[in-house]
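Chain order of the listed sequences is R and P. Residue numbering for the first sequence follows my numbering, beginning at 1 and increasing consecutively. Residue numbering for the second sequence follows my numbering, beginning at 276 and increasing consecutively. What follows is a single structure, written as structure tokens, with notes after it.
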Amino acid sequence: MNRKVLLLGEYDVGKSHFGGQLLGRLNQETGALRMTRPPQSLGPFETVLARINNGRAAPHTSQNQYLESVWPLADKQDREINLVWPDYGGEQVRAIRTERSMSREWRDRIVGTSGWIVMLRIAHTQLSDDIFTRPLAEPGKERQAPDVFTISSQAQLIDFLQWLIFVRGTGTLTPIGNPPLLLLLSCWDELPAAEQNHPPLEILRAHMPMVAAFVEVNWRPESLSVLGLSALERSLDEDRIDNDFVDRGPESFGYVVLPDGRHDPDLTLAIAGMM
Amino acid sequence: MKRCPDKRCNAPTVTCRLGEQFVTDCPVWCSGKENGAVAPTDAKLDTRLIRLPWSGAALGTTDLPFLTGRSEPKIVAVIGPHNAGKTTLLGLFYQQIGRSGRLGSARFAGSYSLEGWEAIAHALRWEAGVPRFPPHTSSGTGRAPGLLHIAMRENDERITDILYADSPGEWFHRWAVDPAAGDAEGAAWLIERASALLIVADCEALAGENRGQARSDIIQLVRRVAASRGRRPAALVWAKADVDVPPLIREAVTKAVKLVISDVVEFETSVVPFEREGVTIDPSASVRAVLDWTIAPLARGFTLEVQPPQGDDPFFAIGATA
């Protein structure tokens, strides 16, 4: 049986664009990975590819468009995996997190996988200022009522990873070897220009120090990778056509940021570490 | 609302006490009169879904078996009068960890009460206006304190679990007066089980109008803690150190503390920078010093024979040292 690798990420981390671009690269068969046979369902990804071929951003996927897509991939040594896109829209992952419950179907999916790829939009995860970074002249005296507050993106991601570990029944007494974890820091082009040539792990440590610590101490070094990803290399608009993008074609855009900070246009390298 | 006939089980809001991922697989749950397999309308109570053993909020005593299965957590008791700044200190710990991912030389390895931490720490951020102090810890609910969990790991070693107790000051006031009082039960529970005792003195109160009362209260509390602490480490934190305490009062408190806890470690913390002997101390450094103290390894009175387990299964971990 082929090893299954789950690709997970919340709404708005750029999964659709990555899927469309990855599909284009796989069809070209010039990268590290290729598709061994056409997957059963490519519907939503074909739509995305058609949109970006016309130089426009893909519209956000709504929940009812959901369908699981399984891509059979192989590398040059003919090692095979099935890349599973279980939640194309990302709403299910969000619902799992906010409602703190998971269906049997999702449980079986997590138990049956041998690798996790988690996408996060790194430029959206800046630490907010607190009294350490912006000291108070005089602290606000009145106490805050226990009102609504948003959980920081660090805490959200850590709790989600704890979920995965728990549901799969993976022990944490010693660092995890199996399943391996790949954190894909998406929309890399949104980072300040000065940060774009840094190694992805360094960026994760700077933007999300608690998440970086969590994954580095809980996974063995050989089972953890942190890569950067810019699927489109620029922001496209849903309505306005980017003519330069059309003329040069989507295959000329997008890169993966490798652990040493180098940019490589072969998007299949984002998955190749899971072989 | 449907609930498990076993009173110690909190299903279906968290997982089954017996470890069934789906409560409908649990014979105890199914023996409940109303707990048939009918789907409830509220998704939060849908028994066909998997729950987690942790809700994210501060842990209560019934949540602990899940955690104690993998290690012996170290409980840090944060003791002090009402309004002394205990919860603020904990919020500062979390912010410190969130900014660095570190606890001393170890690194952050997880938490089963992230929502609980966020609930107190968000007040210290500039997200929605000027930071304020976290809301008061209420004394109305439950007899055990809310325990905030942090796991840490150094190099390749095993995970160490630490529980910080966020408890209302009223408990300690009652306990200092009469440890056997019904409403002092929470404080007694905590002080009996804690591995490290952090006593918080309120500089603002010790410098204020009622400083006489505040001085006598803190001394009484310290003496009570000293009587129950055995050989456990204890520290005194002067919270709100930006407020100057009259020297005579400060001296009296220090002397009284040293009299009964000769090896006490003293710290000063503040949410605003403050000066000591011409040196400005920033809030982050002052908090880090206390945080590092709370995670210092405990001296053991004996050496355990080390028999490391061969796998990840906590069941086989019995006999191994942390």
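We put the CB at the ideal spot given by N, CA and C, even for glycine. Just so it is clear, the structure is predicted and the values come from calculations on it, not from any experiment.
Boundaries of the alpha helix (DSSP H) in which residue i is found, first to last residue
| i | result |
| --- | --- |
| R/Arg240 | Where R/Arg240 is concerned, there is no enclosing alpha helix (DSSP H), given that its DSSP letter is neither H nor E. |
| R/Ile165 | Ser153 to Arg168 |
| R/Glu91 | Glu91 to Glu99 |
| R/Asp108 | Arg104 to Val111 |
| P/Leu527 | As written in the sequence, residue 527 of chain P is Ala, which differs from the Leu given in the question. First-last of the alpha helix (DSSP H) with P/Ala527: Pro522 to Val535. |
| P/Ala501 | Arg486 to Ser503 |
| P/Val452 | Gly444 to Val452 |
| R/Arg205 | Pro200 to His207 |
| R/Arg270 | For the sequence presented, residue 270 of chain R should be read as Ala rather than Arg. R/Ala270 -> alpha helix (DSSP H) spans Leu269 to Ala272. |
| R/Gly55 | It is not in any alpha helix (DSSP H) - R/Gly55 carries neither H nor E in the DSSP assignment. |
| P/Leu399 | Neither: P/Leu399 is in no alpha helix (DSSP H) and is coded neither H nor E. |
Residue from the options with nearest C-alpha to residue i
| i | options | result |
| --- | --- | --- |
| P/Asp538 | P/Arg506, P/Asp567 and P/Val547 | P/Arg506 |
| R/Pro200 | R/Arg79, R/Asp159 and R/His263 | R/His263 |
| R/Arg205 | P/Arg374, P/Leu465, P/Ser386 and P/Glu541 | P/Arg374 |
| P/Val336 | P/Trp450, P/Gly421, P/Ala564 and P/Asp517 | Rather than Val, the amino acid found at residue 336 of chain P in this sequence is Thr. Out of P/Trp450, P/Gly421, P/Ala564 and P/Asp517, P/Gly421 has the C-alpha closest to the C-alpha of P/Thr336. |
| R/Leu157 | R/Ser252, R/Arg240, R/Phe214 and R/Leu236 | R/Phe214 |
| P/Ala516 | P/Leu339, P/Gly379 and P/Phe542 | P/Phe542 |
| P/Ile350 | P/Gly586, P/Asp587, P/Thr569 and P/Asp588 | P/Thr569 |
| R/Ile52 | R/Arg248, R/Asp78, R/Ser128 and R/Gly261 | R/Arg248 |
| P/Trp450 | P/Arg499, P/Phe590, P/Ala531 and P/Cys305 | P/Arg499 |
| R/Glu10 | R/Ser128, R/Pro86, R/Ala57 and R/Pro179 | R/Pro86 |
| R/Glu68 | R/Asn54, R/Gln40, R/Leu267 and R/Leu185 | R/Gln40 |
| R/Leu183 | R/Val211, R/Leu49, R/Ser235 and R/Arg168 | R/Val211 |
| P/Val557 | R/Trp188, R/Thr98, R/Pro135 and R/Thr47 | Sequence check: residue 557 of chain P is Asp here, not Val. Comparing Cα positions, the closest option is R/Pro135. |
| R/Arg209 | R/Gly169, R/Ile122, R/Ile131 and R/Gly254 | Per the sequence shown, the amino acid found at residue 209 of chain R is Pro instead of Arg. Out of R/Gly169, R/Ile122, R/Ile131 and R/Gly254, R/Ile122 has the C-alpha closest to the C-alpha of R/Pro209. |
| P/Leu511 | P/Ile474, P/Asp492 and P/Leu496 | P/Ile474 |
| R/Ser225 | R/Thr113, R/Leu49, R/Leu181 and R/Leu33 | R/Leu181 |
| R/Gly163 | R/Arg37, R/Ile117 and R/Ser101 | Note that residue 163 of chain R is Trp in the sequence shown, not Gly. When only C-alpha atoms are compared, the closest one is R/Ser101. |
| P/Gly598 | P/Pro287, P/Gly457, P/Leu389 and P/Leu496 | The structure shown does not extend to residue 598 of chain P, since chain P is modelled only from 276 through 597, so no value can be given for it. |
| P/Ile598 | P/Lys530, P/Ala463 and P/Trp392 | For residue 598 of chain P there is no data in the structure shown, the boundaries of chain P being 276 and 597. |
Those residues which DSSP pairs with residue i across a bridge
| i | result |
| --- | --- |
| R/His263 | R/Val257 |
| R/Trp219 | R/Ile176 |
| R/Ser69 | R/Trp85 |
| R/Gly9 | R/Met119 |
| P/Ser375 | According to DSSP, which records beta bridges pairwise, P/Ser375 is partnered with nothing at all. |
| R/Met35 | R/Leu73 |
| P/Asp477 | P/Ala514 |
| R/Lys4 | R/Asn82 |
| P/Val540 | P/Ala510 |
| P/Leu573 | P/Leu573 pairs with nothing; no bridge assigned. |
| R/Leu26 | Per DSSP, none; premise fails for R/Leu26. |
| R/Ser186 | R/Arg121 |
Cβ neighbours of residue i in the same chain (closer than 6 Å, five flanking residues each side left out)
| i | result |
| --- | --- |
| R/Phe45 | Gly19, Gly20 and Leu23 |
| R/Asn82 | Asn2, Lys4, Val70 and Pro72 |
| R/Ser153 | Thr125 |
| P/Cys284 | Arg292 |
Segment limits, beta strand (DSSP E) that includes residue i
| i | result |
| --- | --- |
| P/Thr555 | Val554 to Ile556 |
| P/Ile325 | Per DSSP, P/Ile325 belongs to no beta strand (DSSP E) and is neither H nor E. |
| R/Ser41 | No beta strand (DSSP E) contains R/Ser41, which DSSP labels as neither H nor E. |
| P/Thr435 | Ile434 to Asp441 |
| P/Val351 | Lys349 to Ile354 |
| P/Trp464 | Where P/Trp464 is concerned, there is no enclosing beta strand (DSSP E), although the alpha helix (DSSP H) it sits in stretches over Glu460 to Arg468. |
| P/Ile425 | Gly421 to Arg428 |
| R/Gly228 | Leu224 to Ser230 |
| R/Ile131 | Note, R/Ile131: premise wrong, no beta strand (DSSP E); not H, not E. |
| P/Glu550 | Phe549 to Arg551 |
Close Cβ partners of residue i (< 8 Å) along its chain, the five nearest in sequence each way excluded
| i | result |
| --- | --- |
| R/Ile165 | Thr172, Ile176 and Asn218 |
| P/Ile434 | Arg345, Ser346, Ala384, Gly385, Ala426, Met427 and Arg428 |
| P/Ala597 | Unreliable positioning characterises P/Ala597 in this predicted model, as indicated by a pLDDT of 47, which lies under 50. The coordinate reading is nonetheless provided below. If we look at P/Ala597 and ignore the five residues flanking it on each side, its Cβ neighbours are Ser346, Glu347, Arg433 and Thr435. |
| P/Ser306 | Pro280 |
| P/Gly417 | The predicted position of P/Gly417 is uncertain, since its pLDDT is 47 and thus under 50; no value can be drawn from it. |
| P/Ala476 | Gly355, Ala359, Ile493, Leu511, Val512, Trp513, Ala514 and Val528 |
Residues near residue i by beta carbon distance below 7 Å, same chain, minus five either side
| i | result |
| --- | --- |
| P/Pro409 | Thr362, Thr363, Gly366, Ile395 and Ala398 |
| P/Ser503 | Ile466 |
| R/Glu195 | Ile203 |
Give the residues from the stretch 325 to 353 of chain P that approach chain R closer than 9 Å (Cβ to any Cβ), ordered along the chain.
-> Residues of the stretch 325 to 353 of chain P whose Cβ lies closer than 9 Å to any Cβ of chain R, in chain order: Ile325, Arg326, Leu327, Pro328, Trp329, Ser330, Gly331, Arg345 and Ser346.
Of all the residues that make up the stretch 422 to 447 of chain P, which are near chain R by a beta-carbon distance shorter than 7 Å?
-> Arg428, Asp431, Arg433 and Ile434
Chain C contacts made by the stretch 78 to 101 of chain R, where a contact means CB separation under 8 Å = In the structure shown, chain C cannot be found, because the protein chains are R and P.
Quick one, which residues of the stretch 543 to 568 of chain P are near chain R if we go by CB-CB under 9 Å, in chain order?
-> Val546, Val547, Pro548, Asp557, Pro558, Ser559 and Val562
Given a limit of 8 Å on CB to CB distance, which residues of the stretch 503 to 530 of chain P reach chain R?
-> none
Contact set between the stretch 32 to 48 of chain R and chain P, restricted to residues whose Cβ is under 7 Å from the partner = Within the stretch 32 to 48 of chain R, no residue has a Cβ lying closer than 7 Å to any Cβ of chain P.
Chain R contacts from the stretch 388 to 401 of chain P (Cβ-Cβ distance under 9 Å) = Leu389, Glu390, Trp392, Glu393, Ala394, Ala396, His397, Ala398, Leu399, Arg400 and Trp401
Interfacial residues, the stretch 123 to 136 of chain R to chain P, with Cβ spacing under 7 Å | Leu127, Ser128, Asp129, Asp130, Ile131, Phe132, Arg134, Pro135 and Leu136
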